[in-house]
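A.B. asks: Sharing a structure here in structure tokens format.
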Amino acid sequence: MSRHVSKIGDPSPLKRLDEPQISKKIRLEIEVDENMSDNSPDRNRRANFSNVNGVNRNLNIHSVKPTTKKLIIKNFKSEPKLPDDYNETTWKKLSSAVIAIQQSKPNEYLLEELYQAVGNMCSHKMASELYKNLFELIDAHVRSNIEKFKTETMDRLLFLKKMNDTWQSHCNQMIMIRGIFLCLDRTYVLQNPNISSIWDMGLDLFRKYFMLHTLVQTRVVEGLLMLIEQERQGDKVDRILLKSLLRMLTDLQIYNKAFEQKFLQSTERLYAAEGQRLMQELEVPEFLAHVDKRIHEENERVLHYLDSSTKYQLIHTVEKQLLSEHINNILQKGLDNLLEENRLHDLSLLYQLFSRVKNGLQELCHAFNAFIKKQGRTIVIDPEKDKTMVQELLDFKDAMDNIVASCFKKNEMFSNSLKEAFEHFINQRTNKPAELIAKFVDSKLRAGNKEATEEELERLLDKIMVLFRFIHGKDVFEAFYKKDLAKRLLVGKSASVDAEKSMLSKLKQECGGGFTSKLEGMFKDMELSKDINVAFKQHLNINTPELMPLDMTVNILTMGYWPTYLPMDVTLPAQMVKFQDIFKEFYLSKHNGRKLQWQPTLGHCVLKARFKAGQKELVVSLFQTLVILLFNESDEHGFEYIKAATNIEDGELRRTLQSLACGKARVLNKIPKGREIEDNDKFKFNNDFVNKLFRIKINQIQMKETTEEQKATEERVFQDRQYQIDAAIVRIMKMRKTLSHNLLISELLGQLKFPVKPSDLKKRIESLIDRDYMERDKDNSNQYNYVA
Amino acid sequence: MKLTIKNWTGVATWRWVANDDNCGICRMPFDGCCPDCKLPGDDCPLVWGQCSHCFHMHCIVKWLQSQPVNQQCPMCRQGWKFNNK
Ligand SMILES: [Zn+2]
Ligand SMILES: [Zn+2]
Ligand SMILES: [Zn+2]
Chain A
4 MSRHVSKIGD PSPLKRLDEP QISKKIRLEI EVDENMSDNS PDRNRRANFS NVNGVNRNLN
64 IHSVKPTTKK LIIKNFKSEP KLPDDYNETT WKKLSSAVIA IQQSKPNEYL LEELYQAVGN
124 MCSHKMASEL YKNLFELIDA HVRSNIEKFK TETMDRLLFL KKMNDTWQSH CNQMIMIRGI
184 FLCLDRTYVL QNPNISSIWD MGLDLFRKYF MLHTLVQTRV VEGLLMLIEQ ERQGDKVDRI
244 LLKSLLRMLT DLQIYNKAFE QKFLQSTERL YAAEGQRLMQ ELEVPEFLAH VDKRIHEENE
304 RVLHYLDSST KYQLIHTVEK QLLSEHINNI LQKGLDNLLE ENRLHDLSLL YQLFSRVKNG
364 LQELCHAFNA FIKKQGRTIV IDPEKDKTMV QELLDFKDAM DNIVASCFKK NEMFSNSLKE
424 AFEHFINQRT NKPAELIAKF VDSKLRAGNK EATEEELERL LDKIMVLFRF IHGKDVFEAF
484 YKKDLAKRLL VGKSASVDAE KSMLSKLKQE CGGGFTSKLE GMFKDMELSK DINVAFKQHL
544 NINTPELMPL DMTVNILTMG YWPTYLPMDV TLPAQMVKFQ DIFKEFYLSK HNGRKLQWQP
604 TLGHCVLKAR FKAGQKELVV SLFQTLVILL FNESDEHGFE YIKAATNIED GELRRTLQSL
664 ACGKARVLNK IPKGREIEDN DKFKFNNDFV NKLFRIKINQ IQMKETTEEQ KATEERVFQD
724 RQYQIDAAIV RIMKMRKTLS HNLLISELLG QLKFPVKPSD LKKRIESLID RDYMERDKDN
784 SNQYNYVA
Chain B
40 MKLTIKNWTG VATWRWVAND DNCGICRMPF DGCCPDCKLP GDDCPLVWGQ CSHCFHMHCI
100 VKWLQSQPVN QQCPMCRQGW KFNNK
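The listed protein sequences derive, respectively, from chains A and B. Quick note on the working numbering: the first sequence kicks off at 4 and runs consecutively. Quick note on the working numbering: the second sequence kicks off at 40 and runs consecutively.
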């Protein structure tokens, strides 16, 4: 029987495993019952019964139908006569057996005999008295058992152990007693709905005295709380004892009232204090690890000894005191560090813990967003960091993406917030990020960039596109991109046509064909120019075979596609002028109604140069060419002479001379030496020029791009915006004919793809009214009419 | 000659020879294209009348189609004749 005892009152389904150990007799009874109630609709009864293992307080005897009772009585057809003192003598036997059980002494009667005696009494209407006698016997025993504890002054643990022993014995005894008096349960208890089963009677009595002696109850509960607190402080405690006593409280149906409430209160007190203290003492990662450990421990507690009904409130209490109360503190104190130091493990834990509490993830997401905005702003706002801005943005985006993917479970709330934050901070600085992203792409697409394979480049461009997507002033990007693309195309500096085309199609996909049509036009011009040059070479061979040969190629640009270049008049050697004229004549003969403008700033040449040490090829700009060619006439020229002979603009000429005489490859010597070009300087052809390369590129010294050229590009963007606003207003008015000011503004804001202020729009409207494209309505000054 | 040009890549830009900046019909600049087109240049050429006025080809063709009789230059009201220079 001892194996049963340890399972008493255990509500878990595991108990069913013990079913085969029910004594054969009980099993038999159950089956008889089942057969007899075959007609009963109450088919769940057997399930109930086996569920409680035949020893449980929940034994639902009263639900059995009266028909069953009749049938049971019919089973005993012949009623033997009993002696008159049968009641008295039999009870003597039975009571001595019960007392023996209660005192753990050997029983002098056979169980079979006792069992039979109970059966006889039941069938001879002595059940009521028998039940009453048994009740008194048990009542007396339980009362004295519990009253013993009233005066106990022993140590708490010993007290608990003793109480547990008493409880275990009670259960054991009640099982044995019920075995003997089973017939009473089966007949008398069944027939009287107000009478408890024997097992329940035992529990009722135990509960009655346990509750009656508050001191005993309090000592038990406080003892339990003490053990749990010791365990929470890290001590090893007797979990079996805890479990058994807590099951006792559950079986007595006082778990909630007597224990759970106090337990949850003490839990709350403990963790409230612990949360406050550790929030001060620990760094956030340690704090989180501690919280995680606590939650784990409390779950273990539920698993090992607490009633499972406590789980929700217990875990909730821990979460509330250790997390909910400290959400803001944790985020303020620790999140930025974790993100900055890319502490993926801690961030995962943070996410996992915060997902347990109400609003935890919202708050985390909010703080994450704020961090990105703050950190991102420092990347874009400082002009000192412009050189590294784009790479830093890419790295920052990678890091944040990685955190969302690997720590925040790809939660969409976070990835959307990440995007919103990037879009926000990247536009905190007008125009510059767009410009630098364009330049970054240029640096990657330019020839000589051998850092990356095609695939790596492709992946990088995709990442760039993500940044580009956040930019509001996409036209600023386009302007700078176009300027750089022009350079790459015209100087033949593009690393890969495939990469160029790929970038173009990405931009097209992102912004539509309108955005890229001009860029595509630039590529088209380059294609057309190739054809024109082939035709031109044939033309030269046929028409002017006597001309001194000069390998000339011309790129013909359509004005509208390319950046605007300032025309610059320079003096070319006669041979070059001749070729220009022949080409121009040839081109215009093929294209009616056009005029050509030479752009000397964009031209470049390869020169053959003979030095003492041998022949070299110099890759130079047209301006550099014009200067160098002068040294065929004489080995030495003064600045003023060169200026007059080439007609190159003063600043441009000084930069050109610097590049030839002060750079890395000095084909001219400046007299006197020095970095700045003065009006009285003389320049001498450097016959002693040496270089390990055969073909030498002499870099142009760039105009200070940061100021003039960049301002010019920005100015062009600005003008283009004005033009686009005008065109949009005319388009809308042409379609609507008449429109109120507000509606026109809102349609415009919907159509224009760059940031505009309503006040700017108003200025453009005024300008269009002045130019008679539209007029103010005569009756309503807030309304415009289209002028056809 | 110790210095000679091996090859020379020149660059030139072209634009229409027009007597105005904008098309008199669509009012768009000649450096751009007519409202129906996306790209300026060969895709949206200019044409000249014998009166010397010029328009986007697409614009004047549309205009002429809307004038079944008396096809006139929209600028000077002279009879329209293409000038094939
Ligand atoms: Zn037009
Ligand atoms: Zn057109
Ligand atoms: Zn005309």
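Positions of the beta carbon are idealized from the N, C-alpha and C atoms, including for glycine. In this text, all values refer to a predicted model and were calculated from it rather than measured experimentally.
Please name the residue, chosen from 467(A), 532(A), 497(A), that lies closest to residue 513(A) on a Cα-to-Cα basis.
C.D. replies: Here the closest residue by C-alpha is 467(A).
A.B. asks: Using CA coordinates, which residue listed in 561(A), 354(A), 566(A), 586(A) is at the minimum distance from residue 546(A)?
C.D. replies: Looking at the Cα atoms, 586(A) is the closest of the given residues.
A.B. asks: Which of the three DSSP states, helix, strand or coil, is assigned to residue 309(A)?
C.D. replies: Residue 309(A): coil per DSSP, three-state reduction.
A.B. asks: Please name the residue or residues paired with residue 51(B) in a DSSP beta bridge.
C.D. replies: In DSSP, residue 51(B) forms a bridge with 559(A), 601(A).
A.B. asks: Strictly below 9 Å CB to CB, what residues from chain A border residue 99(B)?
C.D. replies: Per Cβ cutoff of 9 Å: no residues; residue 99(B) is ~13 Å from chain A at best.
A.B. asks: I need the straight-line Cα distance from residue 64(A) to residue 179(A), nearest angstrom please.
C.D. replies: At residue 64(A), the pLDDT of 42 sits below 50, so the modelled position is not reliable; the number obtained from the coordinates is stated separately. For residue 64(A) and residue 179(A), the distance between alpha carbons rounds to 19 Å.
A.B. asks: When we look at the beta-carbon of residue 724(A) and count the other beta-carbons within 10 Å, is it buried (16 or more) or exposed?
C.D. replies: Under this definition residue 724(A) is a buried residue.
A.B. asks: Going by the DSSP bridge assignment, what does residue 83(B) pair with across the sheet?
C.D. replies: In DSSP, residue 83(B) forms a bridge with 80(B).
A.B. asks: Where does the unbroken alpha helix (DSSP H) through residue 440(A) begin, and where does it stop?
C.D. replies: First-last of the alpha helix (DSSP H) with residue 440(A): 435-448.
A.B. asks: Quick one: give me the first and last residue of the beta strand (DSSP E) that residue 618(A) is part of.
C.D. replies: Its beta strand (DSSP E) spans residues 617-624.
A.B. asks: Closer than 7 Å by beta-carbon distance: list the chain A residues that pair up with residue 40(B), in chain order.
C.D. replies: Those within 7 Å of residue 40(B) in chain A are 635.
A.B. asks: For residue 788(A), which residues does DSSP report across the bridge?
C.D. replies: DSSP, once it has assigned bridges, lists 741(A), 778(A) as partnering residue 788(A).
A.B. asks: Can you tell me whether DSSP reads residue 89(B) as helix, strand or coil?
C.D. replies: Residue state, collapsed to three classes: coil.
A.B. asks: Using the C-alpha atoms, what's the distance from residue 732(A) back to residue 747(A)?
C.D. replies: When rounded, the distance between both Cα atoms is 8 Å.
A.B. asks: Compare the C-beta of residue 44(B) with all C-beta atoms of chain A and state if any pair is closer than 7 Å.
C.D. replies: Output row for residue 44(B): interface = yes.
A.B. asks: Rounded to whole angstroms, how far is the Cβ of residue 560(A) from the Cβ of residue 52(B), which I believe are closer than 8 Å?
C.D. replies: Residue 560(A) to residue 52(B), Cβ: 5 Å. Contact.
A.B. asks: Can you list the residues of chain A that residue 56(B) reaches, using a CB-CB cut of under 7 Å?
C.D. replies: Residues of chain A passing the Cβ test: 596, 597, 598.
A.B. asks: Is residue 197(A) helix, strand or coil when you go by DSSP?
C.D. replies: Residue 197(A): coil per DSSP, three-state reduction.
A.B. asks: Apart from the five residues on each side of it in sequence, which residues of its chain come closer than 6 Å, Cβ to Cβ, to residue 169(A)?
C.D. replies: The answer, listed in chain order, is 148.
A.B. asks: Tell me residue 607(A)'s beta-bridge partners as DSSP assigns them.
C.D. replies: According to DSSP, which records beta bridges pairwise, residue 607(A) is partnered with 624(A), 48(B).
A.B. asks: Is residue 65(B) near ligand 2 - that is, is its Cβ less than 6 Å away from at least one heavy atom of it?
C.D. replies: The answer is no for residue 65(B).
A.B. asks: Helix, strand or coil for residue 158(A)? Go by DSSP, reduced to three states.
C.D. replies: Coil.
A.B. asks: If we ignore side chains and look at the alpha-carbon of each, how far apart do residue 716(A) and residue 488(A) end up?
C.D. replies: Spanning the two alpha carbons is a distance of roughly 14 Å.
A.B. asks: Which bits of chain B does residue 782(A) rub up against, with CB to CB less than 9 Å?
C.D. replies: The premise fails here: residue 782(A) is roughly 27 Å from chain B at the closest Cβ pair, so nothing lies under 9 Å.
A.B. asks: Can you find a CB in chain A that lies within less than 7 Å of the CB of residue 108(B)?
C.D. replies: With 7 Å as the cut-off, residue 108(B) does not count as an interface residue toward chain A.
A.B. asks: With DSSP collapsed to three states, give me the class of residue 116(B).
C.D. replies: In the structure shown, residue 116(B) sits in coil (DSSP, three-state: anything other than H, G, I, E or B).
A.B. asks: Under the rule that 16 or more other beta-carbon atoms within 10 Å means buried, what is residue 255(A), buried or exposed?
C.D. replies: By the 10 Å Cβ count, residue 255(A) comes out buried.
A.B. asks: Check the C-beta distance from residue 788(A) over to residue 775(A) and give it rounded, since I have them as a contact under 8 Å.
C.D. replies: At roughly 12 Å, the Cβ-Cβ gap does not stay under 8 Å, so residue 788(A) and residue 775(A) are not in contact.
A.B. asks: Count the other C-beta atoms from every protein chain shown that fall within 10 angstroms of the C-beta of residue 167(A), then say buried if there are 16 or more, exposed otherwise.
C.D. replies: By the neighbour-count rule (16 or more Cβ atoms within 10 Å), residue 167(A) is buried.
A.B. asks: Applying the criterion that 16 or more other CB atoms from any shown protein chain within 10 Å of the CB defines a buried residue, is residue 783(A) buried or exposed?
C.D. replies: So residue 783(A) counts as exposed.
A.B. asks: Tell me which residue opens and which closes the alpha helix (DSSP H) that residue 524(A) is part of.
C.D. replies: Segment 516-546, the alpha helix (DSSP H) holding residue 524(A).
A.B. asks: Looking at the structure shown, is residue 502(A) part of a helix, part of a strand, or coil, going by DSSP?
C.D. replies: Three-state result, residue 502(A): helix.
A.B. asks: Is it the case that the Cβ atoms of residue 78(B) and residue 524(A) are separated by a distance below 7 Å?
C.D. replies: It is a contact, given that the beta carbons lie within the stated cut-off.
A.B. asks: Take residue 85(A) and list the residues in its own chain whose beta-carbon comes closer than 8 Å to its own, dropping the five residues that flank it on each side.
C.D. replies: Answer for residue 85(A): 123, 127, listed in chain order.
A.B. asks: Beta-carbon within less than 6 Å of residue 245(A)'s beta-carbon, same chain only, minus the 5 sequence neighbours each way: which residues are those?
C.D. replies: Here the set comprises 230, 308.
A.B. asks: For residue 675(A) and residue 641(A), I'd like the C-alpha separation in whole angstroms.
C.D. replies: Each residue's Cα considered, the two are about 11 Å apart.
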